[in-house]
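Participant: This structure is in structure tokens; I'll ask about it shortly.
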Amino acid sequence: MTERDSLDAIAIQVPSNRSRKNLLPHINDHCLPGSIFCSDGWKAYYKLAEHLVVDDALHYAVNHSENFVDPETGAHTQTVEGFWRQCKSYLPNFGLKPR
């Protein structure tokens with residue numbers, strides 16, 4: 000997760016099963032009331048704000064099969080994608096094939 004204005008970030012290891020059940024506790028533990036989430040269309044994020052205990056959270060999903068920046072909301076995932084790219088350059092390769 001990346002905070003867009005400050006670029007503060009948190010990187011945690013999550014189970015390979017990235018289901019809503021596994022992701023929500025991490026999101027709830029590390030986000031403040033009023034957070035605005037921008038995500039891709041991963042099914043675990045569907046209607047994310049309705050499943051959080053974070054008060055007043057908003058969620059904007061970007062359909063990457065149509066665009067990388069939502070033309071209506073301006074939502075994008077480029078900040079967190081850039082953070083992840085930097086993380087991967089420092090993490091050892093465990094013989095995993097890139098997706």
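Anchor point for the sequence shown: position 62 equals 61 in numbering that gives the first Met the number 0, and the numbering is continuous, going up by one each time. Ideal Cβ positions, reconstructed from N, Cα and C, are used throughout, including at glycine.
Is Ser38 closer than 9 Å to Ala56 when the C-beta atoms are compared?
Facilitator: Counting from 1 along the sequence shown, the entry for residue 56 is found at position 57. Counting from 1 along the sequence shown, the entry for residue 38 is found at position 39. Contact check for Ala56 against Ser38 fails: the beta carbons are separated by 9 Å or more.
Participant: Which parts of the stretch 20 to 78 are runs of the alpha helix (DSSP H), unbroken and 4 residues or longer, counting only runs that do not cross its ends?
Facilitator: none
Participant: Within a Cβ cutoff of 6 Å, which residues of the same chain sit near Phe82, ignoring the five residues on either side of it in sequence?
Facilitator: Locating residue 82 in the sequence shown gives position 83, where the first residue counts as 1. Excluding sequence neighbours, Phe82 sits near Thr1 and Ala8.
Participant: Have a look at Glu70 and Ala48 and give me their C-alpha separation to the nearest angstrom.
Facilitator: By one-based count along the sequence shown, residue 70 stands at place 71. By one-based count along the sequence shown, residue 48 stands at place 49. Checking the sequence shown, residue 70 turns out to be Pro, not Glu. Distance between the alpha carbons of Pro70 and Ala48: 21 Å.
Participant: Check this for me: beta carbons of Val68 and Val61, under 9 Å apart or not?
Facilitator: The residue given as residue 68 occupies position 69 in the sequence shown. The residue given as residue 61 occupies position 62 in the sequence shown. Cβ atoms of Val68 and Val61: closer than 9 Å.
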